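> So the sequence lines, in the order shown, correspond to chains A and B. Converting from the first sequence to the numbering used here requires adding 22 to each position, the first position being numbered 1. Converting from the second sequence to the numbering used here requires adding 22 to each position, the first position being numbered 1. Even glycine gets a Cβ: it sits at the ideal position worked out from N, Cα and C. This one's a predicted model, so the numbers in the text were calculated from it and none came from an experiment. Once you've had a glance at the structure underneath, I'll fire off some questions.
Protein chains: 2
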Amino acid sequence: MPTSPHGRTELLRPDGSPVRVLVVDDESALADLLSMALRYEGWEVRTAGDGAEAIRITRELRPDAVVLDIMLPDMDGLAVLGRLRRELPDVPVLFLTARDAVEDRIAGLTAGGDDYVTKPFSLEEVVARLRGLLRRSGAAAARSESVLAVGDLVLDEDSHEVSRGGREIHLTATEFELLRYLMRNPRRVLSKAQILDRVWSYDFGGQANVVELYISYLRRKIDAGRSPMIHTRRGAGYLIKPGE
Amino acid sequence: MPTSPHGRTELLRPDGSPVRVLVVDDESALADLLSMALRYEGWEVRTAGDGAEAIRITRELRPDAVVLDIMLPDMDGLAVLGRLRRELPDVPVLFLTARDAVEDRIAGLTAGGDDYVTKPFSLEEVVARLRGLLRRSGAAAARSESVLAVGDLVLDEDSHEVSRGGREIHLTATEFELLRYLMRNPRRVLSKAQILDRVWSYDFGGQANVVELYISYLRRKIDAGRSPMIHTRRGAGYLIKPGE
DNA sequence: CGGGATTCTCAGGTAATTCACAGGCAGCCG
DNA sequence: CGGCTGCCTGTGAATTACCTGAGAATCCCG
C-alpha cells in the first residue's frame, strides 16, 4: 500500500497519480488554509476565488473532487455547481456552508452522495469527509478499510467505535476527533497549536489549554491503568505510539 | 459477491459490467440529483433533457432501465415512451409523475411490469424501485434477495414486511424508509443531514428534528424491551447494528 | 364526508458535552 | 535548592444535543 512521505497511507488515483482537488472559496485565507491541509494529505490542490475561475480550472484540471463554498460573490454557488456538473457529472462535491443555511438549501443538494460541512469547520472534519467522498466515488484507489489501529488501540471511522484490547471505549465527538488526528499521525509529535488548528474550528477563540484538557480526558479513557500510549513531549507537543 | 466501494452489494449485468440507466427529465437540477444518487449505487448513468436526446442516447447506450419524467416539454412523455419501446421493447421504465396525475393513466402505463414514483420523491424510494425493476427484468445478475437482515431484524424490500426475532412489526411508510436506509448501511454512522437527504423528499423544508422523532418511533417499535440495535452517536449521527 | 392513520411542529425536560478557571504538580534551569 | 514554566486535572457553569409528549394538519380509505 502506498504511503506518503510522512508515513500515512494515502489515496491515489488508479493510475498512481495523486488525487486532484479543487477548492472554490472567495475568502482567500480560508482557501489557503484548506489548500494547505489537503496538500498535507498528499493531494494535488488548486484554488479558485470565484465561479468563473472555478469553471476554467475544472476544464483544465478535471479534479477528482471539489470543495465548494456555496456563497460566492459573482455567481452563486448553485450556478457554479450546475456548470461544474455539466463539465464533470460525476465529481463528488463537498459543500461549505453557514450553520443556519443548512436546513433549506443543503438538503437536496447533497443527496446523491455528496456531503457538506458547516462553517466554522475543523480541518480534521473536512479531510475526513473528503476522504469519505473520494473513497465512495471510487476515483481513488486503496480501500483503506476506514479502520485506524495503533498497537491494540483501534478506531473505526465508519462506526465511530473505539476499543483498546477489545474493550469498547466511549468517546465524545471532540475526543474522537482528537484521537483520530493522533492516530493518523502515530509516533509523530503534534504541537498544541497543530492540534488546535486541526481538531477545533478554525475560529475557535478560547483558551489554548483545551487541548491539555482533552488529552487528559483521553488518557483517562484510553491509558487508564494500562501502559500509556499518549505521551507528552514537554515544550513540543503530544504523540501516540503503541504501549511497551 | 460483488460489493460497491462502500461495502453494500450491488447489481451488475450478466457480463459483469455496471448496470446502465438513462434518466430523462427536463429539470436539470432534478436530473443531476437523481443521476448522482444512482451513480452512488454503482450504476452507469446518462441523462437526457428532452425526448429527442432521450432517443438518441437510448440508441447509443441501450440502457438496462429508464427513469422517465412523463411531463416533458417537446414531446410529451407518452410519445417518448412509444419511441423508447420501439428501440428497446423490453426495457423497464420508472415513471416520474406529479402526485395528482390521473390514476388510470399511470395504472395503464405501469401494467407491463413498469413502476412509478410521485414527485416529490425521496432518493431512497427511487433507488429501491429501480432496483426492483432491474431485479425483476433479469437484466441485472439475479440475486433476488430483496431481504435485508441485521441481527434478528429482517426487512423485506419487496413486501415491505419487517420482523424482529420472528415477530411481525408494523411500520409506517416513513419509518420503513428510514429503517431501510439504516439497514443498508449497518454499523455505519449516518448523520441527520444524510438521513434527511436520503429518506425525506428532496423538497422537504421542515425541521431537522423529524429525524430524531422518527428514530424515536423506530426505537419504540424495534428496540422495545430488547437489546437496542439503533444507537445514537452524539454529535455524529445514528447507526444500526446487531444487539449484544 | 367521516374517522383513523400518519406526518410533522412545537416545546419542555434531561443528560451529555464543552469549556473556563484555578490550584497543584513536575521537570528544568541557574 | 529555589523558582520558573509548562503541564495536569478537579470543579462547576453554560451550552448543546437529543428525546419525547401533546396536538395540529394532512392524507387516505371506505
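(1) Among A/R61, A/A70 and A/R248, which residue has its Cα nearest to the Cα of A/P21?
(2) Quick one: list the residues of chain B neighbouring A/P111, beta-carbon separation under 7 angstroms, in chain order.
(3) If I measure Cβ to Cβ from A/D126 and keep anything under 7 angstroms in the same chain, skipping five residues before and after, which residues do I get?
(4) In chain order, what residues of the same chain lie with their CB nearer than 6 angstroms to the CB of B/A76, ignoring the 5 residues before and after it?
(5) Starting from the Cα of B/L200, find the closest Cα among B/R189, B/A120 and B/S213 and give me that residue.
(6) Return the residues of the segment 200-213 of chain B that lie within a Cβ-Cβ distance of less than 7 angstroms from chain A, sorted by chain order.
(7) Kindly confirm or deny that the segment 139-147 of chain A and the segment 213-224 of chain A touch, where touching means at least three C-beta pairs closer than 8 angstroms.
(8) Check the Cβ of B/S249 against every Cβ in chain A and list those closer than 7 angstroms, keeping chain order.
(9) Taking Cβ-Cβ distances shorter than 9 angstroms, what residues in chain A pair up with B/G257?
(10) When the Cα atoms are used, what is the spatial distance from B/V41 to B/G154?
(11) Using the C-alpha atoms, what's the distance from B/S185 back to A/V172?
(12) Please say whether A/D136 and A/V115 have beta carbons closer to each other than 7 angstroms?
(13) Which same chain residues end up closer than 6 angstroms to B/L193 when comparing Cβ atoms and leaving out the 5 residues on each side of it in sequence?
(14) Compare the C-beta of A/H182 with all C-beta atoms of chain B and state if any pair is closer than 7 angstroms.
(15) Using beta carbons (cut-off 7 angstroms, strictly below), is B/L261 in contact with chain A?
(16) For B/G259, name the three-state secondary structure that DSSP assigns.
(17) Could you name the residues of the same chain whose beta carbon sits closer than 6 angstroms to that of B/S39, not counting the 5 residues immediately before and after it, in chain order?
(18) Can you list, in chain order, the residues of its chain whose CB lies under 6 angstroms from that of A/E66, leaving out five sequence neighbours each side?
(19) Name, please, each residue of chain A whose Cβ falls closer than 9 angstroms to the Cβ of B/R151.
(20) Which class does B/T194 belong to by DSSP, given the choice of helix, strand or coil?
(21) From the beta carbon of A/R107, is the nearest beta carbon of chain B less than 7 angstroms away?
(22) Can you tell me the Cα-Cα spacing of B/R84 and B/R78, whole angstroms?
(23) Among all the DSSP beta bridges, which residues are the ones paired with B/E66?
(24) Any C-beta of chain A sitting closer than 7 angstroms to the C-beta of B/D54?
(25) Using a Cβ cut-off of 9 angstroms, which residues of the segment 32-51 of chain B contact any Cβ in chain A, in chain order?
(26) Between A/S159, A/S181 and A/D174, which has its C-alpha nearest A/S168's C-alpha?
(27) Are there any heavy atoms of the ligand COA lying less than 6 angstroms away from the beta-carbon of B/D225, as far as the coordinates show?
(28) Do A/D245 and A/I237 have their CB atoms nearer than 7 angstroms?
(29) I want to see whether chain A comes within less than 7 angstroms of B/R121, judged by CB atoms only; does it?
(30) Note down, one range per segment and in chain order, each alpha helix (DSSP H) of at least 4 residues found wholly within the segment 167-251 of chain A.
(31) How many Å lie between B/S57 and B/A87 at the Cα?
(32) Grab the span of the alpha helix (DSSP H) containing A/V149 for me, first residue to last.
(33) Helix, strand or coil: which one does DSSP assign to A/L118?
(34) According to DSSP, is A/V271 helix, strand or coil?
(35) Since A/T254 sits in a beta bridge, which residues does DSSP pair it with?
(36) Which class does A/A164 belong to by DSSP, given the choice of helix, strand or coil?
By the coordinates alone:
(1) Nothing can be reported for residue 21 of chain A, as the shown portion of chain A is limited to 23 through 266.
(2) Position 89 of the first sequence, counted from the start, is the residue given in the question as residue 111 of chain A. S57, listed in chain order.
(3) Position 104 of the first sequence holds residue 126 of chain A. Interpretation of A/D126 is limited by its pLDDT of 46, a score under 50 that renders its predicted location unreliable; no figure is taken from the coordinates.
(4) Locating residue 76 of chain B in the second sequence gives position 54, where the first residue counts as 1. Here the set comprises V46, A70 and V102.
(5) Within the second sequence, the letter at position 178 stands for residue 200 of chain B. Comparing Cα positions, the closest option is B/S213.
(6) R209, R210 and V211
(7) yes
(8) Along the second sequence, read from residue 1 onward, the residue named residue 249 of chain B stands at position 227. Those do not exist, as B/S249 stays about 14 angstroms from chain A at its closest Cβ, beyond 7 angstroms.
(9) As a first step, residue 257 of chain B must be located in the second sequence, where it is residue number 235. Those within 9 angstroms of B/G257 in chain A are T194, A195, T196 and F198.
(10) The residue labelled residue 41 of chain B in the question sits at position 19 within the second sequence. The residue labelled residue 154 of chain B in the question sits at position 132 within the second sequence. Spanning the two alpha carbons is a distance of roughly 13 angstroms.
(11) To locate residue 172 of chain A, count along the first sequence from 1; it is residue 150. To locate residue 185 of chain B, count along the second sequence from 1; it is residue 163. Going by the C-alpha atoms only, they are around 39 angstroms apart.
(12) As a working mapping, residue 115 of chain A is identified with position 93 in the first sequence. As a working mapping, residue 136 of chain A is identified with position 114 in the first sequence. Yes. Within cutoff.
(13) Start at 1 with the first residue of the second sequence, and residue 193 of chain B comes out as number 171. For B/L193, where only same-chain residues beyond five positions count, the Cβ hits under 6 angstroms are V184.
(14) If you number the first sequence from 1, residue 182 of chain A lands on position 160. With 7 angstroms as the cut-off, A/H182 counts as an interface residue toward chain B.
(15) Residue numbering aside, residue 261 of chain B sits at position 239 when the second sequence is read from its first letter. Interface residue, yes.
(16) In the second sequence, counting from the first residue as 1, residue 259 of chain B sits at position 237. The answer is strand: DSSP assigns B/G259 an E or B state.
(17) Here residue 39 of chain B refers to the residue found at position 17 when the second sequence is read from its first residue. Closer than 6 angstroms at the Cβ level, and outside the excluded window around B/S39, lies no residue.
(18) The count along the first sequence starts at 1 and reaches residue 66 of chain A at position 44. For A/E66, where only same-chain residues beyond five positions count, the Cβ hits under 6 angstroms are P40 and R42.
(19) Numbered from 1 along the second sequence, position 129 holds the residue referred to as residue 151 of chain B. Under the 9 angstroms cutoff, chain A gives no residues; its nearest Cβ is about 16 angstroms from B/R151.
(20) For the purposes of this step, residue 194 of chain B is identified with residue 172 of the second sequence, where counting begins at 1. DSSP places B/T194 in coil when its eight states are reduced to three.
(21) As a working note, residue 107 of chain A is residue 85 in the first sequence. Cβ-Cβ to chain B under 7 angstroms: yes for A/R107.
(22) The residue you call residue 84 of chain B lines up with position 62 of the second sequence. The residue you call residue 78 of chain B lines up with position 56 of the second sequence. So the two alpha carbons sit approximately 10 angstroms from each other.
(23) Numbered from 1 along the second sequence, position 44 holds the residue referred to as residue 66 of chain B. In DSSP, B/E66 forms a bridge with B/R42.
(24) Here residue 54 of chain B corresponds to residue number 32 of the second sequence, with the count starting at 1. At least one chain A Cβ lies under 7 angstroms of B/D54.
(25) S50 and A51
(26) Locating residue 168 of chain A in the first sequence gives position 146, counting from the first residue. The option with the nearest alpha carbon to A/S168 is A/S181.
(27) Looking for the ligand COA in the displayed structure turns up nothing, as the structure carries no ligands at all.
(28) Counting from one through the first sequence, the residue named residue 245 of chain A turns up at place 223. Counting from one through the first sequence, the residue named residue 237 of chain A turns up at place 215. For A/D245 and A/I237, no; Cβs fall outside 7 angstroms.
(29) As a working mapping, residue 121 of chain B is identified with position 99 in the second sequence. With 7 angstroms as the cut-off, B/R121 does not count as an interface residue toward chain A.
(30) 195-206, 214-221 and 232-240
(31) For the purposes of this step, residue 57 of chain B is taken as residue 35 along the second sequence, with counting starting at 1. For the purposes of this step, residue 87 of chain B is taken as residue 65 along the second sequence, with counting starting at 1. Answer to the nearest angstrom: the Cα atoms are 13 angstroms apart.
(32) Translated into the one-based positions of the first sequence, residue 149 of chain A becomes position 127. Looking at the DSSP string, the run of the alpha helix (DSSP H) that includes A/V149 is L145 to S159.
(33) Position 96 of the first sequence, counted from the start, is the residue given in the question as residue 118 of chain A. Looking at A/L118 - three-state DSSP - the assignment turns out to be strand.
(34) No statement about residue 271 of chain A is possible, as the shown extent of chain A runs from 23 to 266 and does not include it.
(35) Residue mapping note: residue 254 of chain A aligns to position 232 of the first sequence, counting from 1. In DSSP, A/T254 forms a bridge with A/Y260.
(36) Position 142 of the first sequence holds residue 164 of chain A. Because the pLDDT of A/A164 is 44, which lies under 50, any placement of that residue in the model is unreliable, and the number read from its coordinates should be weighed accordingly. Correct three-state label for A/A164: coil.
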